[in-house]
Every structure is written in C-alpha cells, then in structure tokens.
Amino acid sequence: MRKKLVVIGNGMAAGRVLDELFRKSPGGFEVTVFGAEPRVNYNRIMLSPVLAGEKTFADIVIHDEAWYAANDVRLRRGETIVAIDRVNRLVRTAAGAVEPYDKLIVATGSMPIIIPVPGAGLPGVVTFRDLDDVDAMLAAAAGGGRAVVIGGGLLGLEAAAGLAAKGMSVSVVHLMPTLMERQLDPNAGYLLRCAIEGRGIEVVTSANTKSIVGDERVSGVLLDDGRILPADLVVMAVGIRPNTTLAKNSGLDARRGVVVDDFMRTSDPDIYAVGECVEHRGACYGLVAPLYDMARVLAGQLAGEEGAGYAGSITSTKLKVTGIDLFSAGDFSEGDENDEVVLRDPARQIYKRVVLRDNKVVGAVLYGDTADGAWYFDMLKKGLDVGPMRDTLIFGQSYQGGSPLDPTAAVAALPDDAEICGCNGVCKGTIVQAITGGGLTSIDEVRAKTKASASCGQCTSKVETLLAATLGDKYVAGDRRPMCKCVDLTHEEVRQQIKAKELKSLPAVMQELAWKTSCGCPSCRPALNYYLLCAWPYDYRDDYQSRFVNERVHANIQKDGTFSVVPRMWGGLTTPDELRAIADVADRFRIPTVKVTGGQRIDLLGVKKEDLPAVWAQLNAAGLVSGFAYAKGLRTVKTCVGSDWCRFGTQDAMGLGVKLERLLCGSWTPAKVKLAVSGCPRNCAEVTVKDVGVICVDSGYDIHVAGAAGLHVRATDVLGHVATEEAALEHVAAVIQMYREEAAYLDRLYKWVEKTGLERVRAAIMDDHANRKALYDRFVISQRVARRDPWAERAAGRDAREFAPLAVLMPVAAE
Amino acid sequence: MRNEARFWFDLGPMEAIPKRGARTVRTPRREIAVFRTASDEFFALENRCPHKGGPLSEGIVHGRKVACPLHNWIIDLEGGEATGADKGCARSFPVKLENGRIYLDMGVAAPA
Chain A
1 MRKKLVVIGN
11 GMAAGRVLDE
21 LFRKSPGGFE
31 VTVFGAEPRV
41 NYNRIMLSPV
51 LAGEKTFADI
61 VIHDEAWYAA
71 NDVRLRRGET
81 IVAIDRVNRL
91 VRTAAGAVEP
101 YDKLIVATGS
111 MPIIIPVPGA
121 GLPGVVTFRD
131 LDDVDAMLAA
141 AAGGGRAVVI
151 GGGLLGLEAA
161 AGLAAKGMSV
171 SVVHLMPTLM
181 ERQLDPNAGY
191 LLRCAIEGRG
201 IEVVTSANTK
211 SIVGDERVSG
221 VLLDDGRILP
231 ADLVVMAVGI
241 RPNTTLAKNS
251 GLDARRGVVV
261 DDFMRTSDPD
271 IYAVGECVEH
281 RGACYGLVAP
291 LYDMARVLAG
301 QLAGEEGAGY
311 AGSITSTKLK
321 VTGIDLFSAG
331 DFSEGDENDE
341 VVLRDPARQI
351 YKRVVLRDNK
361 VVGAVLYGDT
371 ADGAWYFDML
381 KKGLDVGPMR
391 DTLIFGQSYQ
401 GGSPLDPTAA
411 VAALPDDAEI
421 CGCNGVCKGT
431 IVQAITGGGL
441 TSIDEVRAKT
451 KASASCGQCT
461 SKVETLLAAT
471 LGDKYVAGDR
481 RPMCKCVDLT
491 HEEVRQQIKA
501 KELKSLPAVM
511 QELAWKTSCG
521 CPSCRPALNY
531 YLLCAWPYDY
541 RDDYQSRFVN
551 ERVHANIQKD
561 GTFSVVPRMW
571 GGLTTPDELR
581 AIADVADRFR
591 IPTVKVTGGQ
601 RIDLLGVKKE
611 DLPAVWAQLN
621 AAGLVSGFAY
631 AKGLRTVKTC
641 VGSDWCRFGT
651 QDAMGLGVKL
661 ERLLCGSWTP
671 AKVKLAVSGC
681 PRNCAEVTVK
691 DVGVICVDSG
701 YDIHVAGAAG
711 LHVRATDVLG
721 HVATEEAALE
731 HVAAVIQMYR
741 EEAAYLDRLY
751 KWVEKTGLER
761 VRAAIMDDHA
771 NRKALYDRFV
781 ISQRVARRDP
791 WAERAAGRDA
801 REFAPLAVLM
811 PVAAE
Chain B
816 MRNEARFWFD
826 LGPMEAIPKR
836 GARTVRTPRR
846 EIAVFRTASD
856 EFFALENRCP
866 HKGGPLSEGI
876 VHGRKVACPL
886 HNWIIDLEGG
896 EATGADKGCA
906 RSFPVKLENG
916 RIYLDMGVAA
926 PA
C-alpha cells in the first residue's frame, strides 16, 4: 500500500515540494493537500502585477486543475486544518473531518502583521497577502479616492504603485527614514523615493502610525506627530510573521517559526515543515528562492535520497514595479572605500554598488540598471575571485575581457561628435577646436569659451583629460582641488549644486553629485552637513553622526578624553553671581583646572563626559549658556571697556560687543569665527587679528575683516566705515552670512576673502545696499532656528544616551 | 544553556546605539566601545586609540572604520588595526546581534 502524504497548505513552497517529489519518485505517495484558500496553487509574488492590472489570475496560476488530476493529488480547497493528532497520526479540519497520514508536511506559510493600533479592525483596512486582499483593493480602487499604505518595504511599495496605477491618490507611510531600508542602502533608497514620488505617490518617512480613524469605516490615518492623512482605503504592509499556530498547538517545537533541521524535519520524525512558516538555524525567510531550496531538500528526503541538507540561503531582492529597476543581494552593509566599487550616473538615475571582501563579491545594490544583478549574484554565491576584473567589474558582464584602457587614451579614442558635457551639449570636437584654435590651456578658459563643464561640473575631469590629451606635455593641471577623494567637485562647486539642484539630504547630494563612496568620509561628511544646514536651515535635519565629537556633545574633547566647558560671557562681561556659580560648579564636580581664556571668558577643564549635563544644568540655573567654544561657529566677541570708562573711548565698545554676540551667537559657520570691538584706534581688544571686528572712531565705526593670529598671522583689511551702531551690526552680520554661504568648509574667513577677493566682498557689502540687506535678512532667518542653548536642551534630557555608557559591569562582591 | 566558554551579555536593543555611532561599556578592566555602522553591523573595540589612547567611541564612523577624535587616526572596526601608514591595533571583542539585541562576549571582554 502506498504511504499517505498529507500537506497542510497549498502555497508556493508546498507546490514546489510536490513538483520535485513527483519528478524524483513518481507515484511514491498518495497525496492529499489541504488549502485554506478556495483555489488552486498560484504564484503569490505576482499579486502585484495583478493589482496593477498587468496580469490576470489565470496568468499566475502555477498548478491548474489538470495538474492535480494528472498527479492524482486530492486537493481539499477551502478546508482549514485546526489540529494535528500526533498520537494517532491524523489531521482534523475545521468542519470536523479527519484524514490519516504517514508523513505530514506543515506548509502554513505566514500571516501579514497587523499593527495593534486603534481602528485596525475598521472596514476598509486590508492587508496584502492573497487574492482576496487584491480583490478588496481593486474594489476600493474602482471608486477612486485616497489610499494610505502603511509600510515602505517591498510589499507596501508594490501595493502603492498598483493602487496609483488604478487611479487612487496614494500615500506611503514608513516608520524608517528611508524606503526598503532592509534591502537598500540610503543612496538607492533616495533614488527609489524620487521614482515613487515621480508617480504622484506621497512618501512620508520617519512616520509612526498612532491610530486608524473612522466611524463606520476607515476615514484616515493619524500619525504620531498629529498629522491626519485622509484615506478611503488603508493597506497594512508592514511585514509577515510565520504562521505557527497549528504547529505550536500540536506541541511541535516552534520559536519564531516552526523549528526544522537541515532536512526540514520538525521535532516529530513524521512531520516536516517547509516555506515561510519555518525557522532554520535561527532564520526565517519571506522570499521565494529559499523556499525553493528547502522544497528540493524536503522532496529528496521524502524520496529517500541521501543528499546534502539545506544550509540556509543568501537572498536577493527585486522590486516588481514596472519602470523601477532595483536589485539587491547579500551583504551590502557599509564597506570602506577599498572594499566597494560605486558607479553613479546622476543624469540617468543610476546607482550601482558592489561590495567586495578579499576580492570576492559579498553584496550588490543596483538601481536604475539591474541587468547585471544575476551576474553579480552568481559570483557572490560561487565566491569567485574577481580581483583580475576589479577595474571594470562595475560596468558589468559585457565589459569584461580585453585590456583596460588608460583614461587619456580612452578620451583620445572618442569620436569628435562624442558628447562630453551633457548639460550644455558640448562635443569633443568643439572642445578640441577651441583648445587648438584659441590657444586655451586651462579648464577655466575652456569653460569660458565652450561652456563645457561650466554647469554641473561633473565632466570636469573628462575635460581636463581632454586638455591633457590635446596639449600633451604643454598642459599644466591647475590647482583645482576636489573636496575629498569621494568626489571630483570642489567645495565651492558642491555648494553651488546644493542650491541649484535643491539637494536637501546627504543621500541626495551624494547621488546627484556622483559621490564615489557610499557614505562619505570624515572629511566630506561634516562639510556636507554644514552646507546643507546653511542652505536649508528649515528643511535639513542636522546629522549629529556627521559632526566632530565637540559639536556633537557641545564641549571640547581633551587629550585624556575628558571635556572642557566654557560658558558665554557676553562681550567679556561677567557678574559676581556668575563667578560664584562657576566656582560652585568647579567645587561640586571637582574640576581640576579653571583657566581664563584669550577670548575673555572662563574655561573649566577636565570635566567627565557623564557629568556634562549636570554641569550645564547648574550653570544654566545661574543664567550661563553655552559659549560654543567647541564650534565651527561664533566663538567670542572680545571688547575693551570703551566710552563707559576709558578716557580715550569714542563709542560704547562693550555695548556693541554684547549686541554683536547676541545677534550672532549659535550660528554655524565654515570655521570658527572670532570678533572684537575696540573703543578707539589704540585697539586694546586686538581687533586687527580677528575674523571680523569693529574699531570705533569719533565719526562712527570702521569695519575690519580677514585677520588671523594662529598658525597664520594676518592683519585685517578695512572693509569700510559706517556711521551708526545699527549699521555696524547689519554690516557685520551681512559679511558673516556671505562667508557662511560661500566659503569652503574649514576655510577661516581670511582665507575665503583671499580666495574671492576683498574688492568683491566690499562691493557686495558696502556698495550694494539691497544685497547687504538681503544677506542680513537671510542671516536673521537662519538664526531663528539656530539661536538656542544646546546646553539647556541637553540638561533637560535631549540626547541623554550620548552622555551615559550603554552598560556598566562591576564585579559582584564575593559571598 | 551555556554555550561553551562564551558568555554573551545582553547590552540592550540595537536602537540604543545610533547608526554611524557608538556607545561605551564599562568593565573593571577596561572600557569597550560598541559601534553600529550605517547598515547595522556591530563591532566592539577597546575604547583606546593605539596612537595616544583617544576614546574611539567619540569618533566619526564611516563605512567599517572610525576616525579617532584626537588625531584622526583611522581605525578599522573589524580588527582594530590602524589603516594607512599608521601602525597599531585596538583590541577587538566578539559582539553579535540576535533578534534585534546586541550581545558582547564577556568571557573575553571581562573574564572573571
């Protein structure tokens, strides 16, 4: 008599097991399949195209009625198994029918996760798991209206694209900052977001759903921040969870999933499990490839074959949304720049990243051009040594073989009509003619004459190579220095592009400006963070992980890892109460060194990191705030006593100093900024070596800029003279705003003035009144968000974990 | 169940450490920096730069490296080795992520 094989579940994993089994051992078992859904086995991963209207149900059927008949499989559709009687080896259906088995396969798949928020049970809230869900969504879409999809992963985006294609107005709400963060790095996530938004789908990231609102049926989704997104349909697509209820109730070993060994055996020797419901070596899978691997192993077991067991799967992902090409596989976590190859083509929205370890492909993320996904995945699984083709690896399979080209030779070999500059449509021939005909020798001349590389600048290195190829030895490369090894553009070019292209996030900058690394380096990240903050004070969220430690913790790190704390003393003025408060803090926290600084204030040195919030709280209580002594920002405004006391004083130097410090404090700048105000030309406040300063005279105020007294010593230049204190404040703020908007990160103000020219600055500030007013207004606007006391915020608990260890382990006293 | 000589100590949920950041674990013998990369890999090194003892936990994490805050030595998170021309090594410790929680092997990091 043939053995009885019963399969609980009629999904893709179960179907594949039977396919393999019938091939290996035709007629070996008498097979009965129980399927909870009232239909034959279909390809669940193709539900998205059905939703989008690109396929019909008939197109995605895997096993039709004829297959069940031909293989003598009894399909009991619409019958749910509610119990397994392991003692008598039989299964029981919800209706009470029983079926005996010799071998049993549990293939119960997974359940969509329903987030437990109020309103989750309202009519109009659906999941995206089976054909019934798709039918429900199609019915809702037929009436148009608004849909909110909760979950920006694979499934959620496919649902959103399908509903949008059906004419609904769709929003995607995602908990994390970037879409599909488990499959994509932030760069590809950025491109994906652009593409999804390009279809008119609203994307709301970093958004937590608080509840689903509606009376009789759903009317909207309420987010944590109080926003309500109106909705006629809500799709929950936040993930799946292995369906282990039946296995657990039957006493099978189950944790996250039904636990199986390498041969898909559960804790009962007659019961196997396969597919999304299992947990193998601690891992659960929700993609189809691992299910098929498991199915092969299980079929071999049932057929009595001896073979290698299942060893887990490396998975790859593709998004099934027409027109969006995206692929990811393996480990694409952050590598260092030596371990990854990155190719970005901003114009064509392409991003490719192949991660290598020991010359082997360990991961790949492809966006925009995924033709080589399978090739990379194959090399990844085989562990091939790709060392010999590393230089051309990123271009794909069709570029392998042949000797690598020298870049100069490659440009020389281009035909004359090859386009070099995409922005301005300039061909190689035009550039070469301009060089030879016009006697051009530098990149700037080529830009001026032909416009090549004059816009976005990304072809700059190509044009330089062309200059070198055309002029040969006569070409002397200019001193144009790229920002860092991650990019070909200079600091100034990057800043211009951030404004021109309205780039408002780190991934946006890195993609659109063709960064060669996936997440930058310690040199470019702080610079970009500043540029974005300066360009978009209201839109950009400061990335603390891209700041140097001092600006992250608002104190100066010292050689022993302790910190120094410097409160503001406005204009160098203090009071007995402030001094008492400082003395009390120094006593209470046993601060070893108290020093008067060159900027007319007091430095408390040797403060332990975990004491910082308490030190700040106590200083705050006496009215003392952060002096930003750690910042690329306004440090001090040094003053002399001025006309208040000095017999030579011409104006109120202390008063102006305090006003300047209050106006400018809290602003972030490319490098530190120190000011001074002297009450007369004797200049006791040493204005002439400050970044910006004011020397008071009888007739008003001389504005000085571009001094330095550090590694480099430089006396200031006089920018001009103004008559009133109000004008002095406006002129100083305008200069600082111009510096903020234009300078390269870490360039002190004098360096920027030397690069851009004093005359240009003078014309912009002293002569062009409208421009100065506009600069001043922009400064004031950006100060509205910047002028806060970071100490008070942290003393009140912000970033508390920054100041506390993750864990403290001390020995337990012996008994 | 004790897994051989290993003693995996639960440091808490992965969210306790910011992406591209680090937190410290204090033990009687040493301070350990536990790092989290942009893509949720975790590494643990003694919190001392091999150069002048700077606290590596305060550095900028980029890729699988950290820049020491004192003199910008670049330390590889995987093995603790200084990169480039610099020579030296910060001791590394076994750390693992399981079900969203971080575990440090105290059998190695803080032997009894």
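These protein sequences, in sequence, are chains A and B. Start counting the first sequence at 1; every next residue gets the next number (this note's numbering). Start counting the second sequence at 816; every next residue gets the next number (this note's numbering). C-beta atoms are modelled at their ideal positions from N, C-alpha and C, and glycine is treated no differently. It should be emphasised that the depicted structure is a prediction, and the values quoted were computed from it without experimental measurement.
- Taking a C-beta cut-off of 8 Å against chain A, the contacting residues of the stretch 821–835 of chain B are F824, L826, G827, A831, I832, P833, K834, R835, listed in chain order.
- Shown in chain order are the members of the stretch 538–553 of chain A whose Cβ falls below 9 Å from a Cβ of chain B: D543, Y544, Q545, S546, R547, F548, V549, N550, R552, V553.
- Going by C-alpha positions, A409/A is about 11 Å away from T470/A.
- Taking 9 Å as the cut-off, the Cβ atoms of A859/B and R835/B do not count as close.
- Residue pairing by DSSP places F908/B opposite A859/B in a beta bridge.
- Not a single CB atom of chain B sits nearer than 9 Å to the CB of D72/A.
- Contact residues of the stretch 555–575 of chain A toward chain B are I557, K559, G561 (C-beta to C-beta distance below 7 Å).
- Restricting attention to R182/A, V106/A, V40/A, the CA atom closest to the CA of L131/A is found in V40/A.
- Given a length threshold of 3 residues, each whole run of the beta strand (DSSP E) inside the stretch 206–249 of chain A is given here in chain order: 209–213, 220–223, 228–230, 233–236, 240–242.
- Residue pairing for D385/A: DSSP places it in a beta bridge opposite K360/A.
- Secondary structure note for M111/A: its beta strand (DSSP E) is the uninterrupted segment 110–112.
- The residues V98, E99, P100, Y101, in chain order, have a CB closer than 7 Å to that of L90/A in the same chain once the five nearest residues on each side in sequence are set aside.
- With a contact defined as Cβ atoms closer than 8 Å, L179/A and V203/A qualify at about 7 Å.
- The contact set of K867/B on chain A, defined by CB atoms closer than 9 Å, consists of K559 in chain order.
- Of all residues in the stretch 874–889 of chain B, only G874, I875, V876, H877, G878, R879, K880, A882, P884, L885, N887, I889 come within less than 8 Å of chain A when Cβ atoms are compared, listed by chain position.
- Membership of F563/A in the beta strand (DSSP E) is indicated by the continuous run 563–565.
- For R552/A, the closest C-alpha among the options L579/A, V732/A, R798/A is that of R798/A.
- With fewer than 16 other Cβ atoms inside 10 Å of its own Cβ, R647/A counts as exposed.
- Our two residues, R348/A and G368/A, have alpha carbons roughly 8 Å apart in a direct line.
- Taking 9 Å as the threshold, the shortest C-beta distance from S518/A to chain B falls below it.
- By the rule that beta-carbons nearer than 9 Å mark a contact, M236/A does not touch chain B.
- As a beta-bridge residue in DSSP terms, G720/A pairs with I703/A.
- Taking C-beta atoms as the reference points, I113/A and V238/A count as a pair closer than 9 Å.
- Here the C-alpha atom of V82/A lies approximately 5 Å from the C-alpha atom of T93/A.
- Counting only residues of its own chain and dropping the five nearest sequence neighbours on each side, N359/A has a CB closer than 8 Å to the CB of D385, V386, G387, R390.
- Using a Cβ-Cβ cut-off of 9 Å, P909/B does not count as an interface residue toward chain A, since no Cβ of chain A sits closer than that to its own.
- Within the stretch 791–810 of chain A, contact with chain B at the beta-carbon level (separation under 7 Å) is assigned to R801, P805, L806, A807, V808, L809, M810.
- Under the Cβ distance rule, E861/B does not count among the residues neighbouring chain A, no pair being separated by less than 9 Å.
- What V840/B touches in chain A, judged by beta-carbon distance under 9 Å, is P805, L806, A807, V808, L809, going in chain order.
- In the DSSP assignment, K773/A is bridged to no other residue.
- The beta-carbon of D358/A is placed no less than 9 Å from the nearest beta-carbon of chain B.
- Rounded to the nearest angstrom, the Cβ distance from R16/A to A295/A is 4 Å, consistent with a contact under 8 Å.
- With 16 or more other Cβ atoms from the protein chains shown falling within 10 Å of its own Cβ, Y310/A counts as buried.
- V785/A counts as exposed, since fewer than 16 other C-beta atoms from the protein chains shown sit within 10 angstroms of its C-beta.
- Contact annotation, V637/A with V677/A: C-beta distance approximately 7 Å; criterion of less than 8 Å satisfied.
- Under DSSP, C427/A forms a beta bridge with E419/A.
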